[in-house]
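In the numbering used here, the protein residues as written are 186 to 410.
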Amino acid sequence: MAADTGTWVVVPVYNEETVIAEVVDGIRTRFPNVVCVDDGSRDASAERIAGTAAHLVKHPINLGQGASLQTGIDYALRRGAERIVTFDADGQHDIDDAHRMAELVRTGQADVVLGSRFLESTEPIPLLKRIVLRAVAALSPSSRKLKLTDAHNGLRVLSRPVVEELRISMNGMAHASEIVAALAGSPWRIREVPVTIHYTEYSRSKGQSLFNGVNILFDLSVRQR
């Protein structure tokens, strides 16, 4: 199988020293070009990344996942990326899903492909997380316009023209809704596809709380005024 050198995988990293090297190694079975953005981690994440074949970019302080994604996207674009995959660092995403999604963009079937836990769920989604995700999708006008079922899935594939126009300005977790809002007002061809999320004990321990979900909605409501 030929390596997909035109696709770059961007991984925002914050305190993931126990899993990040394994995650990078898994990604590189499909995509040779990986950039990890260490977002001011207080653990040995940067050292673990440096021991892999991934590119390492470091934020001196913690700026949030949105800022990390934008840093990684800018880095990949400067190196000729034709497609960007955004991929979480905690090991819950499936690399085969990412490859399948990237192929849809590479072959011109879509400009943006978004992953969804709810189209064909094969893993039990924790109740609290399901409540948060459903609420965010239901209360977001942009998500409703695009008919999305999972507005906050971190697994996405975007073509170069899309990310050249997209600028993520919300540094925290609300960046996901900001991305969806930008896509809803664009002419890009957008597809949502089912993906598998591996809810390991580790990823569950790092999961998003209901309080964080409320914060996301509040941040967006302030921005949209």
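For glycine and all other residues, C-beta sits at the position ideal for the given N, C-alpha and C.
- Burial state of R302 is buried, judged by a 10 Å Cβ sphere holding 16 or more other Cβ atoms.
- DSSP, reduced to helix, strand and coil, places R341 within a strand of the structure shown.
- Scanning the segment 195-255 from its first residue to its last, the whole alpha helix (DSSP H) runs of 4-plus residues come out as 205-212, 230-235.
- Between V220 and G257, the C-beta spacing is below 7 Å.
- Residue environment: G300 is assigned as buried (16 or more neighbouring CB atoms within 10 Å of its CB, all protein chains considered).
- If you ignore the 5 residues before and after I234, its C-beta comes within less than 8 Å of the C-beta of V198, I205, A206, V209, C221, D223, L241, all in its own chain and listed in chain order.
- Here the segment 348-356 lies against the segment 246-266, with 3 or more beta-carbon pairs under 8 Å apart.
- Beta-carbon to beta-carbon, V196 and A266 are separated by about 14 Å, too far to satisfy the 8 Å threshold.
- Partner residues in a beta bridge of V348, as assigned by DSSP, do not exist.
- Pairing V290 with I375 gives a Cβ-Cβ distance that is not under 7 Å.
- By the CB criterion at 7 Å, V342 and A287 fall inside the cutoff.
- If you draw a straight line from the Cα of T192 to the Cα of V270, it comes to about 7 Å.
- Here R264 is exposed, its C-beta having fewer than 16 other C-beta atoms within 10 Å.
- L304 and L331 do not touch by the CB rule: their CB atoms are close to 14 Å apart, not below 8 Å.
- Comparing alpha carbon positions, the residue from F272, D228, A261, R227 closest to A283 is F272.
- Looking only at E202, Q294, L340, P372, the smallest Cα-Cα distance to D281 is reached by L340.
- Comparing alpha-carbon positions, the option among L254, A238, G370 lying closest to R213 turns out to be A238.
- In its chain, beyond the 5 residues on either side, H337 have a beta carbon closer than 6 Å to the beta carbon of A361.
- Linking E377 to A261 through their CA atoms gives a straight-line distance of about 24 Å.
- Of all alpha-carbon atoms in W373, N200, T334, the one lying nearest the alpha-carbon of P346 is that of W373.
- Closest option to T381, judged by alpha-carbon separation, among G276, L351, S390, A359: G276.
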